[in-house]
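Below you'll find the structure, written out as structure tokens, and then a few comments.
Chains as they are written, first to last, in my numbering: chain A, 41 to 169; chain C, 48 to 558.
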């Protein structure tokens, strides 16, 4: 009986393929076929997270920036500089913006393995606690 | 007036906001993938360490957990609060530290939970120090052999199975045999004899009504000022029951490491093992004997190894442990009892039969033992209790023959008579621990045969008369004897006094 391949190994394989320039569509197609074959499709969202983490070691940082209003170019370049200071100056930073008015102000940055919550809502919650 | 108040408030608020403004930087974060039965499975947090604290962001605030299963794809974490607040998708952050509890003298007189939060309705506990719940035990060179006595005030223990400071002595027996009573009397004796030993009572899954009664009693006896109670009830999550003894030990270690002496009472480790079994099975660790996980021995050995007598270089402090184990139908060969018996430096075995016969404390002379306490026994008690254990064991064996009513030779009969009197003498009501002089005088009187003509039913009365007379007429000598440094023999000054007073006391009760 074939042993189950861990999510981490699958993610590392996918990240390496993506970093070497293989088209994302092809890599995901193969991965999807494997998940269907091994009846592990329920793990797809976790594998995507694992691939994001694995991509960190390949030098790509996916950042989700949550803010109440669209970010200015200046804010985006500040975020990029901050992320580079944490993950190394050679990292390629890809910022994905999410608008959420409930954060009131400030910004929350989520990288695959870390986060920083500098939103007004978080500060208010801490004050209430 | 109002202006000043507003200004102060505004200043406070500004300070609070300034404190929160501090940028803490990026923190490791993961996400809860599933949760249930007090265990959360977390994705991410590749840098988490064993036993590290996790903070789970829920809609009702932050819930703490600690990581116990570190696997390739996920982490199994045990939740320290209410698991119904946690749901899949919640963000989990690494706090970057292992579990810590407040330690220090500020805790004395308080009832706390295993995280150091007050349960007694008193003010918040602010200590200068916090220590990790799990710490490595002191090494070989940091220790010293056990040599100072820790008097329990219970005659049969102090005379036959003496306990020394830094020793681990197991109290084992079935339910309702007086295990906790022995532990409580020991705590009370520390206050009565002003030994300066701090008591730490760890209730593991005990009924909270029982803990409340205990605290009330300790207050009445004036013991609470030198006691810390770490309480967990049956409705608490298994994670808290698991943590309780380690947290209590961390509090005790503060006194040990600061040249003090502390006494730990773990009531009881059977429930602790059961709580750990529950956690382990939910964390999907493979079950072994009696469904306990493979590391259940290590669970208790690493806990009890922290009790120690420290060397002179480390300040001479000590941490003594009295773990309690509940057996089922007197079976001491079950898994957890054999484990803890092998870890500890001896055991006090409580027997249901003796308890039901009215011999209380129901300590079995044959099955109990103290492996290191002999060298810690006070000279006074040691000098009178030489053959006590052997005599009592032989008597209990002979007594079973005597039941048949067959003719006995004179020697056997006298052995049985003496045994009956000794057994009667060693009966001791709860909450009445005896001092060194009371113990030495009583045992000396019986072993010298002063009470041989006193009827068995009146032995306790004769003992009371002896002690009353001695205290009334020779208070100074008895106070000196209570220091324990003096041997009691037929030709010693104190021995002569006891012999004289004993003969006088016996006269009134001969029959």
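Think of the CB as a built atom: it goes at the ideal place given N, C-alpha and C, for glycine as much as any other residue.
From the beta-carbon of residue 151 of chain C, no residue of chain A is found nearer than 7 angstroms; the closest lies around 25 angstroms away.
The C-beta distance from residue 138 of chain A to residue 106 of chain A rounds to 5 angstroms, short enough to meet the 8 angstroms contact threshold. Of all C-beta pairs linking the region 264-279 of chain C to the region 334-341 of chain C, fewer than three are shorter than 8 angstroms, placing the two stretches out of contact.
Listed along the chain, the chain A residues whose CB falls inside 7 angstroms of the CB of residue 72 of chain C are 156. Beta-bridge partners of residue 323 of chain C (DSSP): none assigned. In the DSSP assignment, residue 47 of chain A is bridged to no other residue. Ranking C/482, C/519 and C/472 by CA distance to the CA of residue 497 of chain C puts C/472 first.
Annotation: Cβ neighbours of residue 93 of chain C in chain A (cutoff 8 angstroms, chain order): 93 and 153. Under the Cβ criterion of 9 angstroms, residue 137 of chain A is not counted among the residues facing chain C.
Per the C-alpha coordinates, the member of C/474, C/499 and C/492 positioned closest to residue 465 of chain C is C/499. Taking a beta-carbon distance threshold of 9 angstroms, residue 119 of chain C counts as an interface residue toward chain A.
About 18 angstroms separates the CB atoms of residue 387 of chain C and residue 410 of chain C; that is not less than 8 angstroms, and the two are not in contact. Burial check for residue 208 of chain C: the Cβ neighbour count within 10 Å reaches 16 or more, so the residue is buried. Around the CB of residue 364 of chain C, 16 or more other CB atoms lie within 10 Å, so the residue is classed as buried.
Counting along the chain, the unbroken alpha helix (DSSP H) around residue 289 of chain C starts and ends at 285-304. Residues of the region 303-333 of chain C with a C-beta less than 8 angstroms from any C-beta of chain A: none at all. Within the region 106-160 of chain C, the runs of beta strand (DSSP E) that reach at least 3 residues and sit entirely inside it are, in chain order, 108-117, 122-126, 138-145 and 147-150. The alpha-carbon of residue 531 of chain C is positioned some 5 angstroms away from that of residue 425 of chain C. DSSP, read as helix, strand or coil, puts residue 236 of chain C in helix. A straight line joining the alpha-carbon of residue 380 of chain C with that of residue 102 of chain A spans about 59 angstroms.
The Cβ atoms of residue 243 of chain C and residue 273 of chain C lie closer than 9 angstroms to each other. Below the 9 angstroms Cβ cutoff, chain C contributes no neighbours of residue 98 of chain A, its closest Cβ being approximately 15 angstroms away. C/240 is the residue among C/442, C/155 and C/240 whose C-alpha sits nearest the C-alpha of residue 196 of chain C. Take residue 100 of chain A, set aside five residues on each side of it, and the residues of its chain with a beta-carbon closer than 6 angstroms to its own are 132, in chain order. Contact between residue 533 of chain C and residue 369 of chain C does not hold, since their C-beta atoms are separated by about 28 angstroms, which reaches or exceeds 8 angstroms. Considering only beta carbons, the part of the region 43-70 of chain A lying closer than 7 angstroms to chain C consists of 46, 47 and 48, in chain order.
The Cβ of residue 89 of chain A sits closer than 9 angstroms to at least one Cβ of chain C. When C/552, C/303 and C/399 are compared, the shortest CA-CA separation from residue 212 of chain C is found for C/303.
A residue is called buried when at least 16 other Cβ atoms come within 10 angstroms of its Cβ; residue 135 of chain C does not meet this threshold and is exposed. At a cut-off of 9 angstroms between beta carbons, residue 86 of chain A contacts chain C. Closer than 8 angstroms at the C-beta level to chain C, one finds these residues of the region 109-126 of chain A: 126. C-alpha of residue 399 of chain C to C-alpha of residue 355 of chain C: approximately 31 angstroms in a straight line.
By the C-beta density criterion, residue 118 of chain A is exposed, having fewer than 16 other C-beta atoms within 10 angstroms. Residues of chain A whose Cβ lies closer than 8 angstroms to the Cβ of residue 138 of chain C are, in chain order, 155.
Of all residues in the region 75-109 of chain C, only 75, 76, 80, 90, 91, 93 and 108 come within less than 7 angstroms of chain A when Cβ atoms are compared, listed by chain position. In the structure shown, residue 133 of chain A falls within a strand segment according to DSSP collapsed to helix, strand and coil.
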